[in-house]
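Residue numbers for the sequence shown follow numbering that gives the first Met the number 0, so the first one is 0 and each next one is one higher.
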Amino acid sequence: MNNTSIFDIIGPIMVGPSSSHTAGAVRLGLLAQKIYRETPKEIKITLYNSFAKTGKGHGTDKGLVAGLLGLHVDDPKIKYSLEQAETQGIIVNFLYQNDTDRHPNSVDIELTGENKLFVSGNSLGAGEIEVININGFKVTLTGEYHTLVLVYKDQPGMMSLVSKYIQDYNINIASLLCDRKSKGQEAAMTICLDDQIADEALEKMKQLPDMYLVRRIEAIKR
């Protein structure tokens, strides 16, 4: 029997009229910001389906940008996020698309600055979200768990090495997903953890041969 959270019934404590279109949007933006960890010069946001049709009235645009600026769902400054981005000199562009192959509340976020980041995600309702793609790699990030995102050269033994560092700190892996674009090229792992991993373990992972990116993403508060 599945357990039902009170958040599934009343949604999260938030600013905005809709848990899926506002709170979910903020959390999607915040996850993207935690992955990027830079201040972008330009933000391009493509909204799909219901997000595209009704998102503006529900504050989806403001919510996404607020999250990208590091705001949480209960921050009253969400309503001023577009003005705040403009004050910081960040260019924000919105596109609106209909695609029946996509989730009703889905979004693509492209961040450009010193580096580029592409994130695709869905808002599932009651503030629940999922990030499903980072720079072309399939991932699974919900914000519910502390999560590691790794990008590296596809080669034998990488999963074993990373898992050993996690095991050394007696941390349980809740889920693990690997994806690669082609054999021997870049690959990615997203690892959801029951506890936060130590800085020392992160540094060890960063020193692994052909490790390109290591991100520790803290769980997002509800």
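Every residue, glycine too, gets a C-beta built ideally from N, C-alpha and C.
Let me know the beta strand (DSSP E) ranges lying completely inside the segment 48-98, each 3 residues or longer, listed in chain order. 90-96
Between the alpha carbons of residue 77 and residue 155, how many angstroms are there, rounded? Distance between the alpha carbons of residue 77 and residue 155 is about 45 Å.
When burial is assigned at 16 or more other CB atoms within 10 Å of the CB, is residue 99 buried or exposed? exposed
Within the continuous alpha helix (DSSP H) that includes residue 167, where are the two ends? 157-167
For residue 220, report the span of its alpha helix (DSSP H) as first-last. Judged by DSSP secondary structure, residue 220 falls outside any alpha helix (DSSP H); it is assigned neither H nor E.
Less than 8 Å between the beta carbons of residue 62 and residue 118, yes or no? No Cβ-Cβ contact shorter than 8 Å links residue 62 with residue 118.
Helix, strand or coil: which one does DSSP assign to residue 1? For residue 1, the predicted structure reports a pLDDT of 49, less than 50, and the residue's modelled location is therefore unreliable. A value from the coordinates is still provided. If DSSP states are grouped into helix, strand and coil, residue 1 belongs with coil.
Cβ contact (3+ pairs, closer than 8 Å) linking the segment 98-116 and the segment 44-61: yes
In three-state DSSP terms, what is residue 34? DSSP places residue 34 in helix when its eight states are reduced to three.
Rounded C-alpha distance that separates residue 184 from residue 75: Computed Cα separation, rounded: 44 Å.
For residue 170, which of 178, 161, 177 and 176 has the nearest alpha-carbon? 161
Got a sec, what are the start and stop residues for the beta strand (DSSP E) residue 149 sits in? 145-152
Here's the rule: buried if 16 or more other CB atoms are within 10 angstroms of the residue's CB, otherwise exposed. What is residue 144? buried
With a cut-off of 8 Å, does the C-beta of residue 171 fall near any C-beta of chain C? Among the chains of the structure shown, chain C does not appear; only one protein chain is present.
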